[in-house]
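Here the structure comes first, spelled out in structure tokens, and everything after it is commentary.
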Amino acid sequence: MNTTLLSAVKAGVARGRIELKHTFMTPQDLWTYFFPAFALLITMFFMRDATVPGTSFSLGSRTLPSALGMGIAFGGLVTIAAALTIEREDGTLLRAKAVPNGMFGYLVGKIVTVTGITLLSLAIQLIPAAFLLDGLSLSGWHTWFTLLWVVLLGLVATMPIGAIFGSMLSNPQNMGLIMLPIMGLIATSGIFYPITNFPTWLQWIAQVFPIYWLGLGMRSALLPDSMAAVEFGGSWRHLETVGVLGAWAAFGLIVAPIVLRRMARRESGSAVEARRTRAMQRTR
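Here the sequence shown is numbered in this note's numbering, starting from 902 and rising by one per residue.
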């Protein structure tokens, strides 16, 4: 790694740490982390007496790991896309472009920020759940090893895709174009109800995308092995999880730099000023 690139990495890590510190000290940002987590925990708590069809296992305990996987996907896809869209409009990306390897350092910073926020969100939900819900498996090296590789591979699989989405949107108001398909995938990916109860064609569609596999991976880490029986194929399918998430990661890591370079080349002072003017008109 040459000196310029190493400096960009260091600058990106420093940027990410500053953004994390800022967001952890901002009440509005903390509210966006804590409130959904508490709402989810309360919902899971009241679902604890319902059972997964065909078993006596709590539906609330089964749903929590799925929701954690959903959170990883949501953070990687939506947070990166929203940041790129907003900071493209306010000129942040243009300033990054003006620095040698500035775009690379910018992306490193976003990776640090999103990873930190994701880990915080996981802790906020997982620690109270250990006391509120029965049946979660939180002991043993297998649990923590599986959590580690699922979280890391999930972020690598989703963040480049989020960057691609963000580079394609020039207006933050167009985030609905990303949110609607993601919410549809969440509804059909077995997050809140076992995928085996869906039509066969819908099961196959869900298995193409990372959200289902992140939910499955988190369930394999936090649920007893007996719960694999209600999954598609009757197993946790770790090899398939690695394969699908790895394929999405490879696709994103190949395509994202190309798309981002093209986006950066189109950035100019006049383009930023035009977007600022449109933004001001929207707020009037």
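Positions of the beta carbon are idealized from the N, C-alpha and C atoms, including for glycine. If you're wondering where the values come from, they're calculated on a predicted model, not measured in any experiment.
Mapping DSSP to helix, strand and coil, what is residue i?
i, result
"residue 959", "strand"
"residue 952", "strand"
"residue 1220", "Missing from the structure shown is residue 1220; the chain here goes from 902 to 1185 and no further."
"residue 1092", "coil"
"residue 977", "helix"
"residue 1137", "coil"
"residue 938", "helix"
"residue 1104", "helix"
"residue 1125", "coil"
"residue 1032", "helix"
"residue 995", "helix"
"residue 920", "helix"
"residue 1054", "helix"
"residue 1109", "coil"
"residue 1038", "coil"
"residue 1099", "coil"
"residue 1002", "coil"
"residue 988", "helix"
"residue 1023", "helix"
"residue 1072", "coil"
I'd like the list of long-range same chain contacts for residue i, defined as Cβ closer than 8 Å, with 5 residues on each side in sequence excluded.
i, result
"residue 938", "1022, 1025 and 1026"
"residue 1019", "972, 973, 976, 977, 1052 and 1056"
"residue 1034", "945, 946, 949, 959, 961, 962 and 965"
Is it buried or exposed for residue i, if we count other Cβ within 10 angstroms and need 16 for buried?
i, result
"residue 943", "exposed"
"residue 1149", "buried"
"residue 907", "exposed"
"residue 1089", "buried"
"residue 1109", "exposed"
"residue 1011", "buried"
"residue 1101", "exposed"
"residue 928", "exposed"
"residue 905", "exposed"
"residue 1077", "exposed"
Does the CB of residue i have a neighbour CB from chain C at under 9 Å?
i, result
"residue 1138", "No chain C appears in the structure shown, which is made up of a single protein chain."
Quick one: residues in its chain with C-beta nearer than 6 Å to the C-beta of residue i, no 5 flanking neighbours on either side, listed in chain order?
i, result
"residue 1129", "1136 and 1137"
"residue 982", "1063, 1066, 1067 and 1079"
"residue 1013", "914 and 917"
"residue 970", "1115, 1116 and 1119"
Who are the Cβ neighbours of residue i in its own chain at under 7 Å, not counting the five residues just before and after it?
i, result
"residue 887", "Since the displayed the chain opens at 902 and closes at 1185, residue 887 lies outside it and no answer follows."
"residue 1142", "1114, 1117 and 1118"
"residue 1099", "1089"
"residue 1140", "none"
"residue 1038", "1044, 1123, 1124 and 1125"
Counting pairs of Cβ atoms below 8 Å between the region 1139 to 1154 and the region 1042 to 1058, do you hit three or more?
yes
Meets three-Cβ-pair contact criterion under 8 Å: the region 1073 to 1086 and the region 981 to 988:
yes
Three or more C-beta pairs closer than 8 Å, one from the region 1125 to 1138 and one from the region 993 to 1011: is that the case here?
no
Evaluate contact between the region 903 to 920 and the region 998 to 1006, counting only Cβ atoms and requiring at least three cross-stretch pairs below 8 Å.
yes
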